[in-house]
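Take a look at the structure set out below.
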Amino acid sequence: MVRTPSCDKNGVKKGTWTPEEDKKLVDYITRYGHWNWRLLPKFAGLARCGKSCRLRWLNYLRPNLKRGNYTKEEEETIIKLHRHMGNRWSAIAAQMPGRTDNEIKNHWHTNLKKRSQQESLSNTPKDQVPIEPTSITPSQSFNTTQDSPSSQSSSNITLCKTFTNSQSLALEDEFAFLDADTDLVCGNFWFEPYMLDISYFPPSEPEYFSPFFDAQLWSYDN
DNA sequence: AATAGGGGCAACCGCCCAACA
DNA sequence: GTGTTGGGCGGTTGCCCCTAT
């Protein structure tokens with residue numbers, strides 16, 4: 001797929017990444033780490049916004065990513081996790097090493113959504129109204145915008161109540177641990193979707209920090 | 001052989017939150 | 001307490017490919 005390259009009014013390039021851009025980004029992060037996404041493209045010699053660099057790195061360039069077809073097991077896992085979590089793709093991705101939230105989200109919308117709906121319909125008795133898999137999600141237990149899932153302090157309690165009291169939720173399979181271990185649910189599992197990525201943090205050698213100090217000078221100059 | 005339409009997926013957009021000054 | 005900034009996330013868009021007609 002080749003998306004037509006374009007630039008916005010600030011000269012920031014948009015569209016498909018070229019192999020040259022990928023190489024620049026990989027080379028830079030491998031050497032210096034992603035110490036600041038906003039400034040990184042300037043130092044890496046890329047005419048991209050920081051968000052674009054971050055997305056490209058996280059979804060396609062970072063190591064240990066699985067590419068290609070999903071296994072049957074992976075698809076089953078996605079369906080089950082989605083049944084419990086709803087559209088919390090980052091949390092789902094955190095349970096699937098090597099897969100990214102964007103990739104899982106795409107795969108869901110293109111393949112698994114229909115399948116999941118068909119399965120739920122086929123499993124529904126005739127006199128029962130089918131329930132859309134995403135109709136009950138953890139996020140919907142929050143009352144206001146400040147109670148979004150990532151608003152940890154107040155919403156953890158609500159979320160925990162939702163799950164510890166939700167005996168009606170089907171937790172019959174290997175995901176029963178979600179219900180059994182409330183510390184897990186209230187702690188790292190739900191609200192720390194990504195493990196801390198320190199694999200590309202710059203080593204504590206002075207030379208590797210030079211971009212950081214350069215960045216400070218740069219920001220003072222601008 | 002031509003082409004219309006849907007599928008697949010990379011990338012962007014906009015919002016939210018936490019950290020910090 | 002308030003404003004700013006960077007990072008993270010889910011939703012959506014847009015373009016190419018494939019297939020049916």
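Mapping the first sequence onto the UniProt record's numbering, position 56 (from 1) lands on 56, and the numbers just tick up by one.
All C-beta atoms in this analysis are idealised placements derived from N, C-alpha and C, irrespective of residue type, glycine included.
Note that the coordinates shown come from a computational prediction; the quantities given were computed from them, not determined experimentally.
query = Secondary structure at residue 28, three-state DSSP: helix, strand or coil?
reply = helix
message = Can you give me the C-alpha to C-alpha distance between residue 65 and residue 97, rounded to a whole angstrom?
response = 8 Å
inquiry  = Rounding to the nearest angstrom, what Cα-Cα distance links residue 40 and residue 55 in this structure?
reply    = For residue 40 and residue 55, the distance between alpha carbons rounds to 13 Å.
ask   = If you run the structure through DSSP and keep just helix, strand and coil, what is residue 112?
value = helix
key: Collapsed DSSP secondary structure at residue 54 in the structure displayed   = helix
task = Report the option in 99, 74 and 109 whose CA atom is closest to the CA atom of residue 67.
result = 99
ask   = Does the beta-carbon of residue 103 have 16 or more other beta-carbons within 10 angstroms, so that it is buried, or is it exposed?
value = Buried.
key: Local conformation of residue 71 per DSSP, three classes   = In this structure, residue 71 counts as coil in the three-state DSSP scheme.
query = Given that a residue counts as buried once 16 or more other Cβ atoms are within 10 Å of its Cβ, and exposed if not, what is residue 33?
reply = buried
task = Using a threshold of 8 Å, state whether the C-beta atoms of residue 101 and residue 116 are closer than that.
result = Taking C-beta atoms as the reference points, residue 101 and residue 116 fail to come closer than 8 Å.
ask   = In angstroms, rounded to a whole number, what distance separates the CA positions of residue 199 and residue 30?
value = Residue placement at residue 199 is flagged as unreliable, the pLDDT there being 42, under the threshold of 50; the coordinate-derived value follows with that caveat. Looking at the two C-alpha atoms, the distance is approximately 9 Å.
message = Quick test of your reading: residue 35 and residue 51, contact by CB under 8 Å. State the CB separation rounded to the nearest angstrom.
response = Actually they do not touch by this definition, with Cβ atoms about 16 Å apart.
ask   = Can you check whether the CB of residue 49 is closer than 8 Å to the CB of residue 12?
value = yes
query = Which residue's Cα is closest to the Cα of residue 73: 46, 23 and 95?
reply = 95
task = Measure the alpha-carbon distance for residue 24 versus residue 63 and round it to whole angstroms.
result = 15 Å
ask   = Around the C-beta of residue 76, are 16 or more other C-beta atoms found within 10 angstroms, so that it is buried, or is it exposed?
value = It is exposed - the Cβ of residue 76 has fewer than 16 other Cβ atoms within 10 Å.
query = How far does the alpha helix (DSSP H) with residue 41 in it reach, from first residue to last?
reply = 40–44
message = Measuring straight from C-alpha to C-alpha, what distance separates residue 109 and residue 20?
response = 31 Å
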